[in-house]
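The sequence shown finishes on residue 468 if you use the numbering used here, and the numbering steps up by one all the way, no holes.
Below is one structure, written out as structure tokens; comments come after it.
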Amino acid sequence: MPFTRDDIRAAVERAGDEHWKALRDHHEDAYPNPKPTPGDVCKAEAERLNAMGLGDAKDFDLVETHVERVASEVRLSHVFTYKPLTLRLLTEPFQGYG
């Protein structure tokens, strides 16, 4: 089943409060020229992961999503579990959504 905005948001929340705060602050601190909302970022990231085929990959479970602020953008990386071997895998960081 493809990832949704809510799946990515839940993964960010599972990573810890500091990751959700980084995503929220990325939007709010840019006032009066706000950046994409946390929901916009989560939706775009779900679409990006689905385009890579990860949303329908039955052997992978999304564990958490890490967010860090880098200048005027955010960098996201995802932790997946590869179920057949019970391995945790970290994606290459994706930077954008500025």
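Note that the Cβ used here is the ideal one computed from N, Cα and C, for glycine as well.
Computed from a predicted model, the values in this text were never measured in an experiment.
Check whether the Cβ atoms of residue i and residue j lie closer than 8 Å to each other.
i: Phe450; j: Val437; result: no
i: Ser447; j: Pro463; result: yes
i: Gly409; j: Arg445; result: no
i: Tyr467; j: Val411; result: yes
i: Thr461; j: His389; result: no
i: Pro454; j: Asp426; result: no
i: His397; j: Lys405; result: yes
Mind checking who residue i pairs with in its DSSP beta bridge?
i: Asp431; result: Thr451
i: Arg439; result: Val444
i: Leu457; result: Tyr452
Please state the DSSP three-state secondary structure of residue i.
i: Glu383; result: helix
i: Glu462; result: coil
Contiguous alpha helix (DSSP H) assignments of at least 4 residues, all confined to the stretch 395-429: As far as the stretch 395-429 is concerned, its whole alpha helix (DSSP H) runs of at least 4 residues are 408-421.
Touch test, the stretch 372-386 against the stretch 411-419, Cβ-Cβ under 8 Å, three pairs minimum: As far as the Cβ criterion goes, the stretch 372-386 touches the stretch 411-419, which means the pair count is three or higher.
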